[in-house]
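Take the sequence shown: its position 11, counting from 1, is numbered 11 in UniProt numbering, and each next residue is one higher. Note that CB positions come from ideal geometry on N, CA and C, so glycine has one too. A short write-up of the structure that comes next.
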Amino acid sequence: MDIAAALAQASADLKQPQDLDAALATIAKVACESTPGIDHVGISVAHRGGRIETRAWTDQVVVELDQLQYDTGQGPCLQALETDGVVRVEHARHEQRWPAFIPGAVRLGLRSQLGVRLNSDARTFGALNLYSFSSDTLSDETVQMSELFASHAALAMGHAERIGNLSAALTSRKVIGIALGLLMHRLEIDEPTAFAYLTRMSASTETKLRDVAASVVADHEARFGRGATATGEPEPAGA
């Protein structure tokens, strides 16, 4: 399969409604099937705080190879994430970098590998890991295709993050609105005064505004039960 055909297949598959895990699994599968010399593919996701996890994989051995890098703190995946962007490993049995990773990887069958950073909008999401058990060398075409599939994965992750942020923002806005209504009724104040009350609580306790609002709502529900209105009465049926 040539580059254009592989990317067309990936794009067609990604147009189908699916969540992030399904999208990443699709990218890993198509990359594995269409990238010359590659036998196994995985996608690692970097979380804030430094934790890394394998989010998509084409075979269990991918999980083992990825975990070996996480456990030893070294390997092409981590180097691609931290410094180089694209890390190419050929003739793995002779590789001198990452001495804690390579021997175990070779025992699992590794002969060559690519680690490619996933970037979108100046944000690093993780790395695409491509493993070969059948070839000691990787062509320039393989590197080029891996970078294109990494771009697809980064775009999918960036889209999911934007949707997640929007959902969180809408949820926060709703909770803050409910808290304002409760305070307005309970303290008999107008909305600007209720908002100022919330912001003072936020500042004095060094707590995010949405968390303060959530605590106001939680306190009300603890007193009157979930679904109670600002007056403490249950919401009418069908509300």
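Drop a sphere of 10 angstroms on the beta-carbon of residue i, count the other beta-carbons inside from all chains shown, and report buried for 16 or more, exposed for fewer.
i	result
Ser-139	exposed
Pro-76	buried
Thr-199	exposed
Ala-196	exposed
Ala-203	exposed
Asp-19	exposed
Ala-80	buried
Arg-111	buried
Gly-177	exposed
His-220	buried
Leu-187	exposed
His-152	buried
Arg-210	buried
Ala-56	buried
Thr-205	exposed
May I have the straight-line CA-CA distance separating residue i from residue j, to the nearest angstrom?
i	j	result
Phe-224	Thr-193	24 Å
Gln-74	Val-86	15 Å
Ala-179	Ala-31	48 Å
Arg-117	Arg-51	16 Å
His-40	Gly-181	55 Å
Thr-171	Gln-60	37 Å
Ser-34	His-94	27 Å
Pro-103	Ala-213	53 Å
Glu-147	Asp-71	25 Å
Glu-141	Pro-36	8 Å
Thr-54	Asp-190	50 Å
Val-106	Ala-100	11 Å
Val-128	Asp-136	With the sequence shown as reference, residue 128 is identified as Leu, and Val is not the correct amino acid for it. So the alpha carbons of these two residues sit roughly 19 Å apart.
Ile-27	Arg-123	19 Å
Leu-130	Thr-207	43 Å
Ser-132	Gly-49	30 Å
Glu-233	Lys-174	Because Glu-233 carries a pLDDT of 47, less than 50, the predicted location of this residue cannot be relied on, and no value is offered for it.
Arg-97	Val-217	55 Å
Ile-43	Ala-222	43 Å
residue 278	Thr-83	Here the chain has residues from 1 to 239 only, and residue 278 is not among them.
His-47	His-159	16 Å
Met-1	Met-145	The predicted position of Met-1 is uncertain, since its pLDDT is 49 and thus under 50; a value taken from the coordinates is nonetheless stated next. So the two alpha carbons sit approximately 11 Å from each other.
Ile-38	Val-143	10 Å
Ser-215	Thr-58	43 Å
Roughly how far, in whole angstroms, is the beta-carbon of residue i from the beta-carbon of residue j, given that I think they are within contact range, below 8 Å?
i	j	result
Arg-88	Leu-68	Not quite, the Cβ-Cβ distance comes to about 18 Å (not below 8 Å), so this is no contact.
Ala-23	Ala-156	4 Å
Asn-119	Ala-154	6 Å
Val-45	Gly-126	4 Å
Leu-108	Leu-78	17 Å between Cβ atoms; not a contact.
So does residue i have its beta carbon nearer than 7 Å to some heavy atom of the ligand FMN?
i	result
Glu-221	What this structure holds is no ligand at all, so the ligand FMN is not there to describe.
Got a sec: is the Cβ-Cβ distance from residue i to anything in chain C below 8 Å?
i	result
Ser-135	The displayed structure is made up of one protein chain only, and chain C is not part of it.
Problem set entry | Every unbroken beta strand (DSSP E) inside the region 37 to 94 [3 residues or more] | 40 to 46, 52 to 57, 86 to 89
For this session: Return the chain-ordered ranges of every beta strand (DSSP E) run that is complete within the region 90 to 138 and spans a minimum of 3 residues.
Result: Qualifying beta strand (DSSP E) stretches, in chain order: 112 to 120, 123 to 132.
Exercise. What residue ranges within the UniProt domain "ANTAR" (156 to 217) form continuous alpha helix (DSSP H) runs of no fewer than 4 residues, ordered along the chain?
Worked result: 191 to 205
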